[in-house]
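Asker:
Protein chains: 2
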Amino acid sequence: MGQQFDLLKARLNEISDVNHATAVLGWEQETYMPSGAAKSRSEQLGTLSKISHEMFVAQATLKLLKAAAAEQDTMKNAKKAAIVNIAQQDYDRAHKLPSEFVAEMARVNSQATHAWIDARRQSKFELFAPWLKKNFDLARRAADYFGYQDHIYDALLDQYEPGMKSAEVTNIFADLRDQTVPLVKAIVAHKDRVSDDCLHGQFDKQVQEDLAKKVATQLGYDFNRGRMDYTAHPFCTHFSIDDVRITTRTDETMFNTMFFSVMHEVGHALYEQGVSHDYERTPTGTGCSLGLHESQSRMWENLVCRSRESWVHFYPQLCEALPVFKQTPFDTFYKAINKVEPSLIRVEADEVTYNLHIMVRFEMEMAMLEGKLKIKDVPEAWNAKYQDYLGLTPENDAVGCLQDVHWSGGLIGYFPTYTLGNLISVQMFERIKKDIPDLTEQFKRGEFSQLLAWLRKHLHQHGRRYAPTDLIKRATGKALTAKPYIAYLKSKFGDIYGLGG
Amino acid sequence: MGQQFDLLKARLNEISDVNHATAVLGWEQETYMPSGAAKSRSEQLGTLSKISHEMFVAQATLKLLKAAAAEQDTMKNAKKAAIVNIAQQDYDRAHKLPSEFVAEMARVNSQATHAWIDARRQSKFELFAPWLKKNFDLARRAADYFGYQDHIYDALLDQYEPGMKSAEVTNIFADLRDQTVPLVKAIVAHKDRVSDDCLHGQFDKQVQEDLAKKVATQLGYDFNRGRMDYTAHPFCTHFSIDDVRITTRTDETMFNTMFFSVMHEVGHALYEQGVSHDYERTPTGTGCSLGLHESQSRMWENLVCRSRESWVHFYPQLCEALPVFKQTPFDTFYKAINKVEPSLIRVEADEVTYNLHIMVRFEMEMAMLEGKLKIKDVPEAWNAKYQDYLGLTPENDAVGCLQDVHWSGGLIGYFPTYTLGNLISVQMFERIKKDIPDLTEQFKRGEFSQLLAWLRKHLHQHGRRYAPTDLIKRATGKALTAKPYIAYLKSKFGDIYGLGG
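Taken in order, these protein sequences are the chains called H and B. Sequential numbering from 22 applies to the first sequence in the numbering used here. Sequential numbering from 22 applies to the second sequence in the numbering used here.
#1: So, do the region 507-517 of chain H and the region 193-212 of chain H have three or more beta carbon pairs nearer to each other than 8 Å?
#2: Taking 7 Å as the threshold (C-beta atoms), are Cys-257 (chain B) and Ala-357 (chain B) in contact?
#3: Can you give me the start and stop residues for the beta strand (DSSP E) that Asp-264 (chain B) sits inside?
#4: Return helix, strand or coil for Cys-219 (chain B), following the three-state DSSP convention.
#5: Spell out the partners DSSP gives Asp-11 (chain H) in its beta bridges.
#6: Just to confirm, is the Cβ distance from Leu-520 (chain H) to Ala-207 (chain H) under 7 Å?
#7: What residue from H:Ala-163, H:Met-96, H:Thr-497, H:Phe-77 has the CA that sits closest to Gly-431 (chain H)'s CA?
#8: For Arg-319 (chain H), which residues in the same chain have their Cβ closer than 8 Å to its Cβ, ignoring the five residues on either side in sequence?
#9: Buried or exposed: Ile-193 (chain B), going by 16 or more other Cβ atoms within 10 Å of its Cβ?
#10: For Ile-72 (chain B), return the contacting residues in chain H, with the cut-off set at a CB-CB distance below 8 Å.
#11: Output the distance between the C-alpha atoms of Val-368 (chain B) and Tyr-375 (chain B), rounded to the nearest integer angstrom.
#12: Rounded to a whole number of angstroms, what is the C-alpha to C-alpha distance between Gly-434 (chain B) and Gln-65 (chain B)?
#13: Pairs of beta-carbons, one from the region 71-87 of chain H and one from the region 272-281 of chain B, closer than 8 Å: are there three or more?
#14: The alpha helix (DSSP H) spanning Phe-260 (chain H) covers which residue range?
#15: Let me check understanding here. Comparing Cα to Cα, which of B:Gly-222, B:Asp-263, B:Met-96, B:Gly-412 lies closest to Lys-60 (chain H)?
#16: Measure the C-alpha to C-alpha separation of Asp-243 (chain B) and Ala-58 (chain H) and round it to an integer number of angstroms.
#17: Judging by CA-CA distance, which residue of H:Asp-456, H:Leu-240, H:Asn-98, H:Gln-348 is the nearest neighbour of Lys-465 (chain H)?
#18: Between the region 239-259 of chain H and chain B, which residues of the former have CB atoms less than 8 Å from a CB of the latter, in chain order?
#19: Comparing alpha-carbon positions, which option in H:Gln-317, H:Thr-52, H:Ser-63, H:Leu-492 lies nearest Arg-266 (chain H)?
#20: Measuring straight from C-alpha to C-alpha, what distance separates Leu-46 (chain B) and Asp-196 (chain B)?
#21: With a cut-off of 7 Å, does the C-beta of Phe-421 (chain B) fall near any C-beta of chain H?
#22: Among the candidates H:Ala-388, H:Thr-303, H:Ala-419, whose CA atom is the shortest distance from the CA of Ile-107 (chain H)?
#23: For the region 283-307 of chain H, which residues have a CB atom closer than 9 Å to at least one CB atom of chain B, in sequence order?
#24: Count the other CB atoms within 10 Å of the CB of Asp-38 (chain H); is the residue buried (16 or more) or exposed (fewer)?
#25: With a cut-off of 7 Å, does the C-beta of Asp-264 (chain B) fall near any C-beta of chain H?
#26: Between Phe-346 (chain H) and Leu-339 (chain H), what straight-line distance do the alpha-carbon atoms span, to the nearest angstrom?
#27: Counting contacts by CB-CB distance shorter than 7 Å, is Glu-64 (chain B) in contact with chain H?
#28: Does any C-beta atom of chain B lie closer than 7 Å to the C-beta of Ala-58 (chain H)?
#29: Can you say whether Gly-421 (chain H) is buried or exposed, counting buried as having 16 or more other CB atoms within 10 angstroms of its CB?
#30: Give the single residue among H:Glu-330, H:Thr-268, H:Leu-153 whose Cα lies nearest to the Cα of His-135 (chain H).
#31: Let me know the secondary structure DSSP gives Met-249 (chain H) once reduced to three states.
#32: Note down, in chain order, each residue of its chain lying with its Cβ closer than 7 Å to the Cβ of Val-373 (chain B), except the 5 sequence neighbours on either side.
#33: Could you tell me the alpha carbon to alpha carbon distance between Lys-100 (chain H) and Thr-43 (chain H), rounded to whole angstroms?
#34: Sorted by chain position, which residues of the same chain lie with C-beta nearer than 6 Å to Met-96 (chain H)'s C-beta, five sequence neighbours on each side aside?
#35: State the Cα-Cα distance for the pair Ala-500 (chain B) and Arg-477 (chain B), rounded to the nearest angstrom.
#36: Just the Cα atoms here: how many angstroms apart are Gly-222 (chain H) and Leu-343 (chain H)?
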């Protein structure tokens, strides 16, 4: 009984081991690898990816999948069924793209990324334009291979947020935009009410690191099953449920750079560290979707670590580590870390304006895929939207339409998941506050374990067992809307900026 | 033309990539991996090893080997031929051991290592004895699978030093022992002539690290194609000719611990960094044998970095980094780093006594394999030999026959390569001094590039192209003997200890 399942699992385990080994090499490339090793490392990464892909798409895998699915006892066991089903789902997806097409994509994406680096450095969109066209052409072809019912965008979005439709995103984003744009205007009209001067200064790197690690530990990140290193761009990666790494970067003159990036990555890491060991070394054993993943990073970064209540607990620790803050009143600090300011750069945006950056990208992707926006007109369209939503026009393309790596790497349909994550985080948090009425009171005492336990129970442990849309409903009680997020913004920032109402 | 060779090479490249990925995971396990990841990492290492092994021993590999060997143009090209031949040699060896036997060895060795750790901690040989018996039984069976002509030991030694015979080792060692034992006695009689007090003190870790890296760079180690990290036991590993890592450990109270271990590993690393890129990603693209590898680590550690001439250059740097040495006369320091003292622990032994430690192990391995020494009598035999050769008796087995990891890991036939390395290093160095008459004068000026260039030309670049015994003859002009090493010891230490003529 379960013999076929065991055979399938053994195969999935080995594939997972190769994927995790690939992740180790990728992490090491960003953290410690000497520059001279770039070529050999990329060859190694290529070989491991190829081996993993070949092992997974092999006929032998399909045979085992079918045999395991035919085992009644296996499929009656919900966790085993989740392993078989997710593997089958991935198998089906992997087989939709012909291998020559995958190779072509990899090649073109890689060349496009090099062109993008060059174009951004020179701030010349025209150097990137032909590659952007190629990447959108490839995305269109990929969408055709994947298939879709209503909109070509759905096929692409489905890679990152399975089951989510562009029509739903359009609706949700419309609500959000309608409420956010006036809110931003109201805040800008009172921008003198909040200053972040106290966050600029001289903050020793080691002191910042020690503090960030201390806070991360208090939130529940397990350093025995993870570690933190420095990279140019912070990220979270995992090589096992028991080996979930985060990275950060430092700016000795600005407090936010390290602290909040660490808490963001800790949010991702808590998700991966919380997946049930029953799914270890299988495709089910990781976060469910990009949106749900981002909901966790944003919950810990913003709803926990940018809350007034948490700083009741953390502020004394901060003042001890960096005594200069003793001169800053608590309220000044709390407002400073929540300062809202329309800006050109997405990754530096605050909670209120962040989603406007995403909408620009989503709307432009839709327009390009629909053929309504020509590649050559991208900078103009970008700048017009920034003026429209944020009241700013980039002085050049480097800080405008060339700022993000995504399009150069072929990640089209990816951006909405950032905003979906924000929305999910608040909708879920509202539900948690109903289940744990004194939740934010607990934060004042440095107690985050009930929050983590809730997330573990309702989200983390399940890995990819449930479809994202189902999981959102299970964990928040309803389908996703922008309403909780809008209410949250109005309440929190209305308070901070004294907007009345 | 060369089409079959290209196909073979592509396969060898992928296998090499997997092996190097395995090495990255192994290195990371020792350097940065959090403790909780131990289980998952060992599964990943197991899977990668299995995949690499399966790819290599596959029928498809044999077909490609035969097809490439049948290509006249390929085999006329000496470097291509070296790739085909070494791969064939490894293939033949890999096929000599049945896969169930390999799995049994891996399992028993792993259990034996755990038993050894426990036995050493408790200093109870009897806890390890049954496992040592199992490992020697397995070694005997492996030797039978490999086959041998004269002595069972030859089959085991051949894994580490291909082509070397135990009879030759016995002869060389006899000479060495006959000359070393009286030399040690003479030195001990004048032990008050050298003190290493100046090497004990308080030496800041970062200062030691900076100095070691500076010296390593001056010797020629390329940090753009390598890096140095901390581990419990220093080692050198490589993931490419362009990615050769070293590790070290530190003792803030004893200067030698880090400095000379770094120079030792740098010697290994210079070898790997110097292999021709024509052999990159093939089995030919690494050092030729353990003895030749050790000859490089010992040459840079001892013949370069423990020489009076090199310290003429380095001593001012040392005094600048650690000003306490300004109080130590140059000659006192030079003698201190060359202090000879019979001791119980191999890894701490000096140039004179080191080989006596190896002889004890080699003679006991021979006796055990010949059935002349019973496992239960190992401690007694060990202690008797230590008394005989070094004038010391271990107070317990932890510092006696349980001190080394090798036998627990199944590395039987490995020890002689350490001494062979020492002997090769001096025999080669004598030859180099003939080719570069002012070699050691160059050291005084901090010039090590001619030495490195010589090694690159005569040894490093060739990787595994030549058989070790051939390469020793090519690089030193004659077959290996103990004579140059004995002469070196007598001259150097006769001088340091003032032993006269």
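Cβ coordinates follow ideal geometry from the N, Cα and C atoms, glycine included.
Answerer: According to the structure shown:
#1: yes
#2: On the second sequence, residue 357 (chain B) is found 336 positions in, with the first residue counted as 1. On the second sequence, residue 257 (chain B) is found 236 positions in, with the first residue counted as 1. No, the pair does not count as a contact, with Cβ atoms beyond the cut-off.
#3: Taking the first residue of the second sequence as position 1, residue 264 (chain B) is located at position 243. Element bounds for Asp-264 (chain B): 264-269.
#4: Taking the first residue of the second sequence as position 1, residue 219 (chain B) is located at position 198. Helix at Cys-219 (chain B).
#5: Within the shown structure, residues of chain H are numbered from 22 to 522, placing residue 11 (chain H) beyond reach of any answer.
#6: As a working mapping, residue 520 (chain H) is identified with position 499 in the first sequence. As a working mapping, residue 207 (chain H) is identified with position 186 in the first sequence. Contact: yes.
#7: The sequence position of residue 431 (chain H) within the first sequence is 410, counting from 1. Of the candidates H:Ala-163, H:Met-96, H:Thr-497, H:Phe-77, the one whose C-alpha sits nearest the C-alpha of Gly-431 (chain H) is H:Ala-163.
#8: Residue mapping note: residue 319 (chain H) aligns to position 298 of the first sequence, counting from 1. For Arg-319 (chain H), where only same-chain residues beyond five positions count, the Cβ hits under 8 Å are His-285, Gly-288, Gly-442, Asn-443, Ser-446.
#9: Taking the first residue of the second sequence as 1, we reach residue 193 (chain B) at position 172. Result: buried.
#10: Looking up residue 72 (chain B) in the second sequence gives position 51. Going along chain H in sequence order, the residues near Ile-72 (chain B) (Cβ under 8 Å) are Glu-35, Val-39, Ile-72.
#11: Start at 1 with the first residue of the second sequence, and residue 368 (chain B) comes out as number 347. Start at 1 with the first residue of the second sequence, and residue 375 (chain B) comes out as number 354. Between Val-368 (chain B) and Tyr-375 (chain B), the C-alpha separation is close to 8 Å.
#12: As a first step, residue 434 (chain B) must be located in the second sequence, where it is residue number 413. As a first step, residue 65 (chain B) must be located in the second sequence, where it is residue number 44. Distance between the alpha carbons of Gly-434 (chain B) and Gln-65 (chain B) is about 29 Å.
#13: no
#14: Along the first sequence, one-based indexing puts residue 260 (chain H) at 239. Phe-260 (chain H) -> not in any alpha helix (DSSP H); beta strand (DSSP E) instead, spanning 257-261.
#15: Position 39 of the first sequence, counting from 1, holds the residue named residue 60 (chain H). The residue with the shortest Cα to Cα distance from Lys-60 (chain H) is B:Asp-263.
#16: Locating residue 243 (chain B) in the second sequence gives position 222, counting from the first residue. Locating residue 58 (chain H) in the first sequence gives position 37, counting from the first residue. Straight-line Cα distance between these residues: approximately 11 Å.
#17: The sequence position of residue 465 (chain H) within the first sequence is 444, counting from 1. Taking only the C-alpha atoms, the option nearest Lys-465 (chain H) is H:Leu-240.
#18: Asp-243, Phe-244, Asn-245, Arg-246, Gly-247, Arg-248, Asp-250
#19: Start at 1 with the first residue of the first sequence, and residue 266 (chain H) comes out as number 245. Residue H:Thr-52 is the option with its Cα nearest to Arg-266 (chain H).
#20: Against the second sequence, residue 46 (chain B) aligns to sequence position 25. Against the second sequence, residue 196 (chain B) aligns to sequence position 175. C-alpha separation (whole angstroms): 42 Å.
#21: Stepping through the second sequence from its first residue, residue 421 (chain B) is reached at position 400. Sequence inspection shows Gly at residue 421 (chain B); the Phe mentioned does not correspond to that position. Not closer than 7 Å to any Cβ of chain H, the Cβ of Gly-421 (chain B) fails to qualify, so no.
#22: Residue 107 (chain H) sits at position 86 when you count from the first residue of the first sequence. Answer by Cα proximity: H:Thr-303.
#23: Glu-301, Arg-302
#24: As a working mapping, residue 38 (chain H) is identified with position 17 in the first sequence. Under this definition Asp-38 (chain H) is a buried residue.
#25: In the second sequence, the residue the question calls residue 264 (chain B) occupies position 243. True, the Cβ-Cβ gap to chain H drops below 7 Å.
#26: Counting from 1 along the first sequence, the entry for residue 346 (chain H) is found at position 325. Counting from 1 along the first sequence, the entry for residue 339 (chain H) is found at position 318. Near 7 Å, if we compare the C-alpha coordinates of Leu-339 (chain H) and Phe-346 (chain H).
#27: Within the second sequence, numbered from 1, the residue matching residue 64 (chain B) stands at position 43. So, interface residue.
#28: Mapped onto the first sequence, residue 58 (chain H) falls at position 37. Yes, Ala-58 (chain H) counts as interfacial toward chain B.
#29: Stepping through the first sequence from its first residue, residue 421 (chain H) is reached at position 400. Answer is buried; the Cβ neighbour count reaches 16.
#30: In the first sequence, counting from the first residue as 1, residue 135 (chain H) sits at position 114. Of H:Glu-330, H:Thr-268, H:Leu-153, the residue nearest in Cα terms is H:Leu-153.
#31: The residue you call residue 249 (chain H) lines up with position 228 of the first sequence. Note: Met-249 (chain H) maps to strand in three-state DSSP.
#32: Residue 373 (chain B) sits at position 352 when you count from the first residue of the second sequence. Thr-201, Leu-204, Val-205, Ile-208, Val-361, Leu-510, Phe-514.
#33: Sequence index remark: in the first sequence, residue 100 (chain H) carries index 79 (1-based). Sequence index remark: in the first sequence, residue 43 (chain H) carries index 22 (1-based). About 26 Å.
#34: By one-based count along the first sequence, residue 96 (chain H) stands at place 75. Closer than 6 Å at the Cβ level, and outside the excluded window around Met-96 (chain H), lie Ala-102.
#35: Here residue 500 (chain B) refers to the residue found at position 479 when the second sequence is read from its first residue. Here residue 477 (chain B) refers to the residue found at position 456 when the second sequence is read from its first residue. Using only the alpha carbons, I get a separation of about 20 Å.
#36: Locating residue 222 (chain H) in the first sequence gives position 201, where the first residue counts as 1. Locating residue 343 (chain H) in the first sequence gives position 322, where the first residue counts as 1. Using only the alpha carbons, I get a separation of about 11 Å.
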